[in-house]
Amino acid sequence: MLQSSPFNYRRIILWIGRLVLGAIFVYAGFAKLLMPNTHLWPMFFLKFSVSTNLTMFQQQVESYKMLSPAAAGLLAHTLPFVEIVVGLMLVVGWGLRIWASVVTLIMVGFLSVVTRAYLLHMDINCGCFGTPEKLTGMTVVRDASFSALAVLMTCFAFIEARKPHPWNAATPEHSTGPHANQTVSS
Amino acid sequence: MNRRLSTVSASLLTVLACGTLLRAVPPNQNAQTKTTAAKKAAPPKAPEAPAVSTATISVNGVTDIDPTKAFGSKTAPVVVEIYSDFQCPACKQLFLNTTQKVMDNYVNTGKIYLVHRDFPLPMHAYSRVAASYSRAAAHIGKCEAVEMVLFQNQEKWETNGDVKGIVAGVLSPAEMKKVQAIVDAKTLEPMIEKDKQLGLTLPVTQTPTSVFHTKGQNYPYAGTLSYDVLKEFLDQLIAQK
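This is the structure:
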């Protein structure tokens with residue numbers, strides 16, 4: 001009989017991290033594309049809405065004063081899509097170590113940028129979820145929490161990946177069923 | 001008994017006399033006091049403000065338009081309202097990079113009727129002052145010049161509040177005198193407030209916010225618009241049947 005995966009705290013945190021961070025990333029990506037302008041039909045309204053929202057996001061990126069306008073434009077027009085893809089991959093759970101590492105890198109990047117802006121007393125919008133949201137101490141705390149969860153999730157993903165899966169490494173003392181007494185001849 | 005009665009009577013009379021003396025202030029002294037107080041309280045007499053019209057118009061279902069802050073043909077198929085704050089950096093970008101091209105290519109060709117609405121944000125200390133000067137300048141026919149100079153020099157006047165100095169740079173002394181008189185008289189403040197209230201009912205949550213009106217539909221868009229993207233959108237909006 002096949003055994004289920006062991007239920008331990010690492011797997012709990014992995015599940016929480018995947019679901020929470022995955023959902024947040026997907027929401028953040030969609031919010032940047034579709035908020036605050038949400039006119040979707042006809043198609044040219046949708047194109048215009050998305051363009052306007054991304055232009056606004058570009059301004060928010062530029063307000064951090066870390067990138068050139070061209071670099072900020074490139075980042076603003078690619079990051080939402082990256083967030084959606086990464087978030088979906090986390091939720092699905094395929095290639096978890098890779099996507100968890102990517103999420104960790106992105107979250108640590110966000111945390112460092114937001115912390116820098118906060119320490120410099122920059123009066124800017126966070127730009128995290130599309131709509132104007134003032135950058136405050138709570139933004140730093142929130143990003144730090146998500147970064148910690150991402151780091152834990154990544155570490156545990158690597159640890160769990162080292163352990164053999166119960167379905168793959170069937171040892172004699174753990175085997176049950178009709179073939180349990182057979183031995184493999186050399 | 002007689003002594004007591006006389007003491008009481010004397011006291012009463014004394015009280016009455018004092019009261020009468022206190023109440024009887026000579027009328028001349030009163031008038032003089034009031035006049036002096038009035039003279040102290042009255043501000044210096046401002047120069048007479050030129051007569052300005054606060055009448056508004058309606059175009060294609062869009063009401064309460066100040067005609068001095070609107071441009072283009074009233075029969076244009078699309079009406080665009082832009083709610084902006086003179087101290088807002090994004091509004092500056094929109095005005096300098098996009099609105100000027102829209103004026104040249106769409107407003108002056110009769111495709112769009114453009115309405116400027118003032119929406120001074122509370123966190124900007126001098127935006128209402130700038131809106132007052134801009135509105136006053138619009139009523140003497142100098143709207144575009146003053147709006148341009150205000151946005152171009154935004155970084156200067158937002159730090160020191162010298163909106164008047166910036167505006168004076170593009171107006172003749174006679175024009176500046178008229179504008180200052182209108183600003184001091186606060187004749188056009190209700191129009192700025194009306195724009196603000198209209199924005200709040202939309203609701204405008206950030207500046208700039210552009211509202212596109214066509215065929216009875218209203219489409220508000222928040223944020224900066226690049227001309228290339230806006231051009232494509234406007235062409236398709238105008239081509240809608």
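Just so you know, the sequences run in chain order P and W. Under my numbering, the first sequence has 8 at position 8, and the numbering climbs by one with no breaks. Under my numbering, the second sequence has 20 at position 20, and the numbering climbs by one with no breaks. Glycine included, every Cβ here is placed at the ideal spot set by N, Cα and C.
Contacts between G223 (chain W) and chain P, judged by CB atoms closer than 8 Å, involve P36, N37, T52, N53, T55, M56, Q59 in chain order. In terms of Cβ geometry, L34 (chain P) and N53 (chain P) form a close pair [threshold 9 Å]. Looking at the backbone, the Cα of I182 (chain W) and that of V146 (chain W) are separated by about 15 Å. In this structure, the CA atom of M56 (chain P) is about 15 Å from the CA atom of L67 (chain P). Taking the beta carbon of F81 (chain P) as reference, no residue of chain W falls within 8 Å; the closest one sits roughly 18 Å away. L198 (chain W) and G109 (chain P) have their alpha carbons spaced roughly 41 Å apart. Cβ proximity to chain P below 7 Å picks out A90 from the region 77 to 95 of chain W. Nearest C-alpha to Y227 (chain W) among W:L96, W:P220, W:I57: W:L96. Collapsing the DSSP output to three states places E133 (chain P) in coil. Taking a 10 Å sphere around the C-beta of P208 (chain W), we find 16 or more other C-beta atoms and assign the residue as buried.
For N160 (chain W), the secondary structure class from DSSP, reduced to helix, strand or coil, is helix.
T38 (chain P) and D162 (chain W) have their C-alpha atoms some 39 Å from each other. For V229 (chain W), the enclosing alpha helix (DSSP H) begins and ends at 227 to 239.
For the C-beta of F48 (chain P), the chain W residues within less than 7 Å are, from N- to C-terminus, V229, F233. The continuous stretches of beta strand (DSSP E) do not include Y64 (chain P), and DSSP gives it neither H nor E. When DSSP states are grouped into helix, strand and coil, N218 (chain W) belongs to the strand group.
When DSSP states are grouped into helix, strand and coil, L94 (chain W) belongs to the helix group.
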